[in-house]
Structures are given as structure tokens and as C-alpha cells.
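Numbering (my numbering), first residue to last: 2 to 186. Glycine included, each C-beta is placed from N, C-alpha and C at the ideal position. As the structure is a computational prediction, the values presented were derived from the model and not from experiment. Remarks on the structure that follows.
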Amino acid sequence: MAREEFPGWHGTTIIGVKKAGEVVIAGDGQVSLGQTVIKGTARKVRRLSPGGFDVVAGFAGSTADAFTLLERLETKLEATPGQLARASVELAKDWRTDKYLQKLEAMLIVSDGTDIFVITGAGDVLEPEHDVAAIGSGGNYALAAARGLMDSDRSAEDVARDAMAIAADICVYTNGNLTVEKITA
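What follows is the structure in C-alpha cells.
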């Protein structure tokens with residue numbers, strides 16, 4: 002089937018919030034094919050522990066592609082234990098230059114509790130301004146909501162949950178079935 006004819010997978014909103022010494026990464030559970038919800042309970046946020054160092058990762062895009070990238074990130078983290086920034090840059094370099102990896106369609110938000118990064122297939126490793134990052138179909142809605150909530154007395158988890166609830170109310174490709182992982186430095 003030609004790519005133009007395929008309605009495409011949609012879904013996923015992932016947010017990362019860093020506040021008061023903790024980072025929370027939350028993701029919704031919706032996967033849609035065209036205008037149909039295929040699954041409402043997908044788990045798109047994972048905890049990795051390569052070399053004994055905890056890292057939390059959330060992904061948007063193709064699940065198989067994201068798992069390939071998460072495996073590559075784990076390998077990079079095993080080679081550079083405790084150095085998330087370095088492992089992220091190495092993954093982004095490989096993703097940008099390797100002909101096989103270039104075809105992968107996903108994005109990642111990763112954190113070790115100290116830093117939070119968005120990793121893209123364009124070779125970007127972005128540290129977000131305002132300690133909030135969001136990706137996926139409802140990412141812009143969640144990002145705007147979280148930025149508006151950051152000055153409140155809410156915890157990182159409360160900001161992430163409230164922002165995801167707002168995104169789920171606006172974006173038809175986002176639902177309220179959340180997976181939330183918290184990590185501290």
C-alpha cells in the first residue's frame with residue numbers, strides 16, 4: 002500500500018516536567034489508525050536501568066521504531082554509564098548518519114532525574130527551556146498547559162497530570178489513560 006494511501010498511525014502525547022528536584026515523564030495510552038482508536042491503554046513511558054543508572058524515557062511515533070531507539074540508547078548508556086547527555090548525543094549522531102536508523106519515525110523524551118532531553122531523528126538533542134518538554138500529537142497542547150502551571154505550587158507530577166488532562170480534552174489523538182514515571186537525581 003502506498004504511503005499516501007495508508008491513513009497512518011496517530012496518537013501519543015508525552016510530557017516531561019522538571020520541578021523541585023524531580024522529573025516526571027507522563028504519556029497517554031491512545032493509539033489511533035486514521036479516525037479509529039485501536040488501543041487506549043498503550044504504555045509509552047519506560048524506565049531503563051543500564052549499568053545501574055535509572056533513566057526514564059517516553060516515546061512518540063512508531064512503536065517498533067521507538068523500541069529500536071530505546072535499545073540503542075540503552076547500549077549507549079551502558080558504554081557511558083551515568084552520562085545521559087553523552088549517550089543521547091551519540092544516539093542522535095547514529096540516528097542521523099546510519100541509513101537504517103534514518104528511516105525510523107519516532108521521538109524520545111529522556112531523563113536521568115537531573116537533565117531532560119528531547120531526541121529527534123534530525124540529529125537534535127534538545128534541553129527544553131522552562132523545564133518542560135512535550136512531543137506527539139497533543140504535545141503542543143500539553144506543553145502550553147504545563148508552562149502555564151509551572152509557577153503554581155503544584156508538584157512536577159501534578160503539573161504533568163493536569164497538562165495531560167488539558168491535552169486530552171483538546172486533542173482527539175490523546176486520552177486520559179496515563180503512564181507516569183517519576184525520577185529524582
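So the beta strand (DSSP E) F60 belongs to, where does it begin and stop? 56-62
Pairs of beta-carbons, one from the region 116-129 and one from the region 153-162, closer than 8 Å: are there three or more? no
Any idea if A3 is buried or exposed, counting beta-carbon neighbours within 10 angstroms, 16 or more meaning buried? For A3, the predicted model reports a pLDDT of 44, less than 50, meaning its position is unreliable; a value from the coordinates is still stated below. Exposed, by the Cβ-count rule.
Tell me the start and end of each unbroken beta strand (DSSP E) in the region 96-169 that is at least 3 residues and wholly inside, in chain order. 107-112, 117-120, 133-137
Using the three-state DSSP reduction, which class does L179 fall into: helix, strand or coil? coil
Same chain, Cβ closer than 7 Å to R48, neighbours up to 5 away in sequence not counted: The beta carbon of R48 lies closer than 7 Å to those of D55, V57, E182 in the same chain, with the five residues before and after it left out.
Which residues share a DSSP beta bridge with I26? I26 is bridged by DSSP to G17, E182.
Under DSSP, the beta strand (DSSP E) around K40 begins and ends at which residues? 37-40
Roughly how many angstroms lie between the CA atoms of A161 and D66, to the nearest whole one? If you draw a straight line from the Cα of A161 to the Cα of D66, it comes to about 25 Å.
With distances taken Cα to Cα, identify the nearest neighbour of A27 among D170, I39, T13. Between A27 and the set D170, I39, T13, the nearest pair of CA atoms involves T13.
If we count the other Cβ atoms within 10 Å of its Cβ and call it buried at 16 or more, is I16 buried or exposed? buried
Is T185 near D29, with beta carbons less than 8 Å apart? no
Beta bridge counterpart(s) of L49 as assigned by DSSP: Partner(s): V56.
Just to confirm, are W96 and G122 a CB contact at a threshold of 8 Å? yes
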